[in-house]
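Please read the structure below before turning to the comments.
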Amino acid sequence: MMKKWILYISVLSFILLQSCTAVKEFQKSRINDSEMELSSRKSEKFEQSFYLYREGASGANGGKSGGGCGCN
Amino acid sequence: MKKILVTIGLYCSLLHGAKAQEFLFYSRGAKNASVSKIDTGFLKRKIKFEEINLVSGYYLQDGNNSAITGGIGTEKLTDWANSFEMSVSKLDRFNRTHRLTADFNIDYYTSASSDKIDPLTISSASRKDTHIYPSLSWSVKDDVAGVTQGLSYAFSTEYDYVSHGINANLTKLSKNKNTEFSIKGGAFFDTYMCILPAELRSFTYPSGAERDTKGIDYKPRNSFNLSFSLSQVINQRLQVMAMIEPSFQEGLLSTPFHRVYFTNGNETVEKLPGTRFKLPIGLRFSYFAGDQTVIRLFYRAYLDDWGMKAHTANVEVPFKLTPFFSLSPFYRFNVQSAVDYFKPYAKHETKDAFYTSDYDISGFTSHFLGMGVRLATPGGILGITNFNSLEIRYGYYSRSTGMVGHSISAHIKIK
Numbered sequence: 008m009m010k011k012w013i014l015y016i017s018v019l020s021f022i023l024l025q026s027c028t029a030v031k032e033f034q035k036s037r038i039n040d041s042e043m044e045l046s047s048r049k050s051e052k053f054e055q056s057f058y059l060y061r062e063g064a065s066g067a068n069g070g071k072s073g074g075g076c077g078c079n
Numbered sequence: 021m022k023k024i025l026v027t028i029g030l031y032c033s034l035l036h037g038a039k040a041q042e043f044l045f046y047s048r049g050a051k052n053a054s055v056s057k058i059d060t061g062f063l064k065r066k067i068k069f070e071e072i073n074l075v076s077g078y079y080l081q082d083g084n085n086s087a088i089t090g091g092i093g094t095e096k097l098t099d100w101a102n103s104f105e106m107s108v109s110k111l112d113r114f115n116r117t118h119r120l121t122a123d124f125n126i127d128y129y130t131s132a133s134s135d136k137i138d139p140l141t142i143s144s145a146s147r148k149d150t151h152i153y154p155s156l157s158w159s160v161k162d163d164v165a166g167v168t169q170g171l172s173y174a175f176s177t178e179y180d181y182v183s184h185g186i187n188a189n190l191t192k193l194s195k196n197k198n199t200e201f202s203i204k205g206g207a208f209f210d211t212y213m214c215i216l217p218a219e220l221r222s223f224t225y226p227s228g229a230e231r232d233t234k235g236i237d238y239k240p241r242n243s244f245n246l247s248f249s250l251s252q253v254i255n256q257r258l259q260v261m262a263m264i265e266p267s268f269q270e271g272l273l274s275t276p277f278h279r280v281y282f283t284n285g286n287e288t289v290e291k292l293p294g295t296r297f298k299l300p301i302g303l304r305f306s307y308f309a310g311d312q313t314v315i316r317l318f319y320r321a322y323l324d325d326w327g328m329k330a331h332t333a334n335v336e337v338p339f340k341l342t343p344f345f346s347l348s349p350f351y352r353f354n355v356q357s358a359v360d361y362f363k364p365y366a367k368h369e370t371k372d373a374f375y376t377s378d379y380d381i382s383g384f385t386s387h388f389l390g391m392g393v394r395l396a397t398p399g400g401i402l403g404i405t406n407f408n409s410l411e412i413r414y415g416y417y418s419r420s421t422g423m424v425g426h427s428i429s430a431h432i433k434i435k
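Those protein sequences? They're chains A and B, same order as listed.
Counting in the numbering used here, the first sequence runs from 8 upward without gaps.
Counting in the numbering used here, the second sequence runs from 21 upward without gaps.
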């Protein structure tokens with residue numbers, strides 16, 4: 008199952024990378040908008056904590072993937 | 021004597037002149053660093069305040085599958101969490117920006133089920149507890165090379181555990197600043213106090229309550245995390261990021277005060293393998309649709325060697341009512357399969373090698389739905405120049421096991 012997902016992600020990444028255009032700094036007004044950040048918001052900090060305790064899966068979301076939190 | 025004083029004076033003035041030349045030489049090309057002009061026209065480096073982030077959150081949950089009572093019983097819990105984070109930066113003589121961030125976090129929580137560890141004494145092991153976790157991070161960013169390196173140390177403590185964590189990271193930005201690759205490595209060294217349920221302790225084993233810990237067992241739990249991420253600007257409206265974060269844990273991975281009941285009516289404590297390998301893979305998309313709407317997507321596939329597989333998807337659509345005020349409805353969905361060692365209350369067989377009735381690692385689906393409001397007016401909120409932004413979020417969490425939760429948080433940025 009994991010292999011299937013890795014394949015999907017690879018195909019998607021390939022398509023996206025093919026559609027890349029060179030974006031100059033002066034063209035990044037939208038990309039640099041604070042809502043466009045590719046990370047969790049600071050205000051989500053404690054939501055990340057309760058996901059870590061209340062759900063078995065963790066990591067790859069900007070939060071902890073294990074350790075230092077009293078959780079396994 | 022006069023000659024000596026004149027010589028020292030000349031030497032000092034020469035040194036001062038050389039230092040001033042050094043400022044001039046290295047400050048050329050500096051654009052966004054912590055430099056300021058002084059009267060002589062030379063640029064001087066000094067420590068620059070970057071920002072303060074204050075985050076406060078309140079979380080409330082209730083359910084009926086507490087692991088402490090073997091998969092039945094109240095899961096009522098409240099958590100009030102506060103975080104204070106401050107960053108400063110300084111430009112060095114090679115025009116690299118050094119950034120120091122201090123983060124102090126404190127949670128105060130109450131857990132109804134933890135009363136049940138020792139119903140006779142109310143052990144206070146976790147019935148109400150304070151979780152303190154400060155961290156200190158340092159990074160150095162070289163704009164010319166497009167490289168950022170960093171180190172951090174984290175400490176965390178509660179009544180029954182102490183943790184020390186170290187992390188290192190390296191980020192490389194491409195020349196056109198459209199591609200970024202990042203690698204992180206971390207290790208956490210935790211030590212657990214083995215508090216056992218009252219009826220499962222030997223006569224001489226301490227309860228773990230305050231003033232009754234002499235002779236109690238302490239066990240280690242070590243975690244080693246790696247993270248690789250690649251982000252790419254696709255076009256003027258779209259950017260994506262892919263992440264993979266393998267992690268490995270070893271030591272005491274079960275919780276000593278979680279009860280398990282067997283089909284024959286006997287009782288014991290949770291038992292889980294001493295190692296766990298996790299492999300999450302994540303994708304993030306941010307797309308600016310039109311002039312007012314941003315679409316933020318997150319997807320994660322996860323599997324581990326305890327037999328759990330999970331998929332998590334999050335969508336958030338910030339809508340800018342004005343350039344400075346936005347509403348952000350969000351929805352998060354998670355589905356996970358149970359670990360191989362999970363069975364509900366009184367369903368385990370005594371012949372099982374490992375056993376748990378912890379519903380956090382059972383099979384379920386969960387939904388988290390809510391709304392965020394963000395205000396970032398130019399010139400500062402309420403006319404306070406440094407009050408950069410205010411954000412408030414509320415979310416309702418529900419799990420197919422019957423557990424529900426509410427989360428509200430506020431973030432203030434001072435810049």
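Idealized CB from N, CA, C, for every residue including glycine.
Asked: Less than 6 angstroms between C-beta atoms, sequence neighbours within five positions excluded: which residues of the same chain meet that for B:L246?; Found: G205 and P266
Asked: For A:K11, which residues of its own chain have a beta-carbon under 8 angstroms away from its beta-carbon, when the five flanking residues on both sides are left out?; Found: none
Asked: Please confirm whether A:F57 has its beta-carbon closer than 7 angstroms to some beta-carbon of chain B.; Found: yes
Asked: Under 7 angstroms between C-beta atoms, does B:A218 make it to chain A?; Found: no
Asked: Tell me, which residues are paired with B:Q259 by DSSP?; Found: B:V253 and B:S306
Asked: Check each candidate in A:T28, A:I16, A:L23 and A:L14 and name the one with the smallest Cα separation from B:K197.; Found: A:T28
Asked: What does the Cβ neighbour count give for B:W158, buried or exposed, with the cut at 16 atoms within 10 Å?; Found: exposed
Asked: Three-state secondary structure (DSSP) at B:G400?; Found: coil
Asked: Please classify B:T121 as buried or exposed, where buried requires at least 16 neighbouring CB atoms within 10 angstroms.; Found: buried
Asked: What residues of chain A sit near B:I301, judged by a beta carbon separation below 8 angstroms?; Found: W12, I13, I16 and A67
Asked: Give the residues of chain A in contact with B:V253, contact being defined as C-beta atoms less than 7 angstroms apart.; Found: V30 and I38
Asked: Using a Cβ-Cβ cut-off of less than 7 angstroms, give me the residues of the region 328-341 of chain B that come near chain A, in sequence order.; Found: M328, K329, A330, T332 and P338
Asked: Within 7 angstroms (strictly less), CB to CB, does B:I434 reach chain A?; Found: no
Asked: Less than 6 angstroms between C-beta atoms, sequence neighbours within five positions excluded: which residues of the same chain meet that for B:V75?; Found: S103 and H431
Asked: Whose CA, out of B:S155, B:H184 and B:A188, lies closest to the CA of B:L171?; Found: B:A188
Asked: With a threshold of 6 angstroms on Cβ separation, who are the neighbours of B:S251 within its own chain once the five nearest residues in sequence on each side are excluded?; Found: E200 and M261
Asked: By the three-class DSSP mapping on this structure, what secondary structure does B:E42 have?; Found: Per-residue confidence for B:E42 stands at a pLDDT of 44, beneath the threshold of 50, marking its modelled position as unreliable; the derived number appears in the next sentence. It is helical.
Asked: Using a C-beta to C-beta distance shorter than 8 angstroms, which residues of chain A count as neighbours of B:H278?; Found: Ordered by position in chain A, no residue passes the 8 angstroms Cβ test against B:H278, which lies about 11 angstroms from the chain.
Asked: Skipping 5 residues on each side, what residues in its chain have a beta carbon closer than 6 angstroms to that of B:M263?; Found: S249 and G302
Asked: Along chain A, in chain order, which residues have C-beta atoms closer than 8 angstroms to that of B:N198?; Found: C27, A29 and V30
Asked: Could you check if B:D210 is buried or exposed, using at least 16 other CB atoms within 10 Å of its CB as the buried criterion?; Found: buried
Asked: Distance, Cα to Cα, B:F297 vs B:L272?; Found: 14 angstroms
Asked: In three-state terms, what does DSSP make of A:F33?; Found: helix
Asked: Determine which residues of the region 39-54 of chain A have a Cβ less than 9 angstroms from any Cβ of chain E, and write them out in chain order.; Found: The chain inventory of the structure shown lacks chain E, comprising the protein chains A and B.
Asked: Can you name, in chain order, every residue of its own chain whose Cβ lies under 6 angstroms from the Cβ of B:Q148, other than the five neighbours on each side?; Found: For the sequence presented, residue 148 of chain B should be read as Lys rather than Gln. The answer, listed in chain order, is T130.
Asked: Is it buried or exposed for B:K371, if we count other Cβ within 10 angstroms and need 16 for buried?; Found: exposed
Asked: Among the residues of its own chain, which have a CB less than 8 angstroms from the CB of B:T177, if the five just before and after it don't count?; Found: H151, I152, Y153 and S183
Asked: Roughly how many whole angstroms lie between the Cα atoms of A:I16 and A:S47?; Found: 21 angstroms
Asked: Measure how close the beta-carbons of B:W326 and B:P293 come, nearest whole angstrom, since I'm counting them as under 8 angstroms.; Found: 7 angstroms
Asked: Between B:R413, B:I412, B:A396 and B:E411, which lies nearest to B:T405 when the distance is taken from Cα to Cα?; Found: B:A396
Asked: Report the rounded CA-to-CA distance for B:H368 versus B:V167, giving the unit in angstroms.; Found: 53 angstroms
Asked: Contact criterion: CB-CB distance below 7 angstroms. Does B:A145 meet it with respect to chain A?; Found: Only weak support exists for where B:A145 lies, its pLDDT of 47 falling under 50; the value from the coordinates is given anyway. No, its Cβ sits nowhere closer than 7 angstroms to a Cβ of chain A.
Asked: At the 7 angstroms Cβ level, is B:V393 part of the contact set with chain A, yes or no?; Found: no
Asked: Going by DSSP, what residues sit across from A:G69 in a beta bridge?; Found: Paired residue(s): none; A:G69 is not in a bridge.
Asked: Taking buried to mean at least 16 other C-beta atoms within 10 Å of its own C-beta, is B:D324 buried or exposed?; Found: buried
Asked: Rounded to the nearest angstrom, what separates B:A366 and A:L14 at their Cα positions?; Found: 41 angstroms
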